[in-house]
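Q: Residue numbers (the UniProt record's numbering): 1 to 106. We put the beta carbon where it would ideally sit given N, CA and C, even for glycine. Computed from a predicted structure; not experimentally measured. Here's a structure for you.
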């Protein structure tokens with residue numbers, strides 16, 4: 001869903017039923033996640049290419065291919081570790097604040 005279609009859902013008198021805030025929130029979260037994933041892939045590819053391909057040519061040597069593969073693996077492993085740590089920290093902060101998932105804010 002793009003922003004123009006989102007605005008037609010939330011605009012009064014647009015002929016749509018009352019907006020479902022949870023559905024809109026979920027859609028926005030999905031879009032953000034997709035953008036973040038694309039940014040991660042782009043950044044990892046650029047960094048690994050710079051590191052592993054000193055002089056670009058029409059094809060990658062086997063050494064360059066191996067380097068890029070290992071670099072991307074390490075980049076993604078590091079991203080997963082950081083992401084999991086962040087999720088755990090957020091969960092701990094929510095628990096300490098007494099805010100459960102799905103619980104209405106106080």
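#1: Looking at residue 40 and residue 107, is the spacing between their C-beta atoms short of 9 Å?
#2: Use the C-beta contact count for residue 44: other C-beta atoms within 10 angstroms, 16 or more gives buried, fewer gives exposed.
#3: Go ahead and pull the three-state DSSP assignment for residue 41.
#4: From residue 96 to residue 38, what does the alpha carbon distance come to, in whole angstroms?
#5: May I have the straight-line CA-CA distance separating residue 49 from residue 27, to the nearest angstrom?
#6: Could you tell me whether any non-hydrogen atom of the ligand MG is closer than 8 Å to the CB of residue 93?
#7: Quick check on DSSP: helix, strand or coil for residue 76?
#8: Beta carbon of residue 35, beta carbon of residue 52: below 9 Å?
A: This is what the structure gives:
#1: Look at the range of the chain in this structure, 1 to 106, and you will see that residue 107 is not part of it.
#2: buried
#3: helix
#4: 33 Å
#5: 33 Å
#6: Among the components modelled here there is no ligand, and therefore nothing to report on the ligand MG.
#7: helix
#8: no
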